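Undergrad: Numbering (the UniProt record's numbering), first residue to last: 1 to 179. First the structure, then my questions, so here it is.
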Amino acid sequence: MPNQLKKILVIYKSKYGSTRQYAEWIANDLKADLVDVSTIKVKDLLRYDVIIFGGFLHAVGISGLKIITDNFKEIMDKKIIVFAVGCSPKREDAISHVSSNNFTEEMKEKISFFYLRGAFNYEKLDLLDKMMMKALRVKLEKKNKEDLDEDSKGLLACYDSPVNWTNRNAIIPIVQRAR
1 MPNQLKKILV IYKSKYGSTR QYAEWIANDL KADLVDVSTI KVKDLLRYDV
51 IIFGGFLHAV GISGLKIITD NFKEIMDKKI IVFAVGCSPK REDAISHVSS
101 NNFTEEMKEK ISFFYLRGAF NYEKLDLLDK MMMKALRVKL EKKNKEDLDE
151 DSKGLLACYD SPVNWTNRNA IIPIVQRAR
């Protein structure tokens with residue numbers, strides 16, 4: 001089906017803005033409808049040929065994903081794309097771990113899954129996230145510096161200097177898959 005005839009929906013759940021930014025870029029490139037997950041109902045999903053969902057990672061869970069997983073049987077005939085946004089560098093083992101913790105085997109066969117890097121600004125975190133990240137920082141700082149992997153060293157550096165890894169080019173594979 002040519003792209004101009006496909007009805008495409010981009011749904012997102014964002015907490016600090018990176019997921020929303022990626023969703024906006026994707027919707028813009030695909031001339032798709034864009035909605036926050038809090039406003040969508042399953043009947044709305046049924047009107048689209050392509051459903052793209054983006055959510056932020058909280059531990060290994062994709063926030064807001066229930067709109068897809070709880071309604072999978074109703075939408076499984078659609079093209080479904082999911083992207084998760086987190087701070088960790090993109091590594092196949094981590095991506096596989098997130099996929100395994102969020103999708104059944106049947107879902108993995110049908111859903112195209114992507115991982116994108118977001119941003120981190122400790123000062124902008126809400127109280128609960130600050131407490132969790134503070135606990136992680138204390139745990140990492142107790143370790144011998146030589147024993148820290150590059151991801152841990154990079155994370156520790158982010159506490160004092162906000163970082164933004166969002167990259168418009170990172171959406172290219174998602175846009176191509178949607179077309």
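Where a beta carbon is used, it is the ideal one built from N, C-alpha and C, also for glycine. Since the model is a prediction, treat every value here as computed from it, not as a measurement.
Whose C-beta lies closer than 6 Å to the C-beta of M76 among residues of the same chain, with five residues either side of it excluded?
TA: Excluding sequence neighbours, M76 sits near K110.
Undergrad: Pick out whichever of K108, F113, K7 has its Cα sitting closest to the Cα of V85.
TA: For the residues K108, F113, K7, the minimum Cα distance to V85 belongs to F113.
Undergrad: I need the straight-line Cα distance from N17 to R179, nearest angstrom please.
TA: It is worth fixing the name first, because residue 17 is Gly in this sequence and not Asn. Going by the C-alpha atoms only, they are around 25 Å apart.
Undergrad: Look up V84 in the DSSP assignment and give the residues it is bridged to.
TA: According to the sequence provided, residue 84 is Ala. The question's Val does not apply to it. DSSP lists G55, Y115 as partners of A84.
Undergrad: In terms of residues, what are the limits of the beta strand (DSSP E) holding Y22?
TA: Y22 -> not in any beta strand (DSSP E); alpha helix (DSSP H) instead, spanning 18-30.
Undergrad: My output table needs one value for F120: the three-state DSSP class, helix, strand or coil.
TA: In this structure, F120 counts as strand in the three-state DSSP scheme.
Undergrad: Decide if M176 is buried, meaning its Cβ has at least 16 other Cβ atoms within 10 Å, or exposed.
TA: First, the residue type needs correcting, since residue 176 is Gln and not Met in the sequence shown. Exposed, since its Cβ has fewer than 16 Cβ neighbours within 10 Å.
Undergrad: Across which residues does DSSP place G61 in a beta bridge pair?
TA: Partner(s): H58.
Undergrad: Please go through the same chain and pick out, in chain order, the residues whose beta-carbon is closer than 8 Å to the beta-carbon of L156, but skip the five residues on each side of it.
TA: Cβ within range, chain order: R137, L140, E141, L148.
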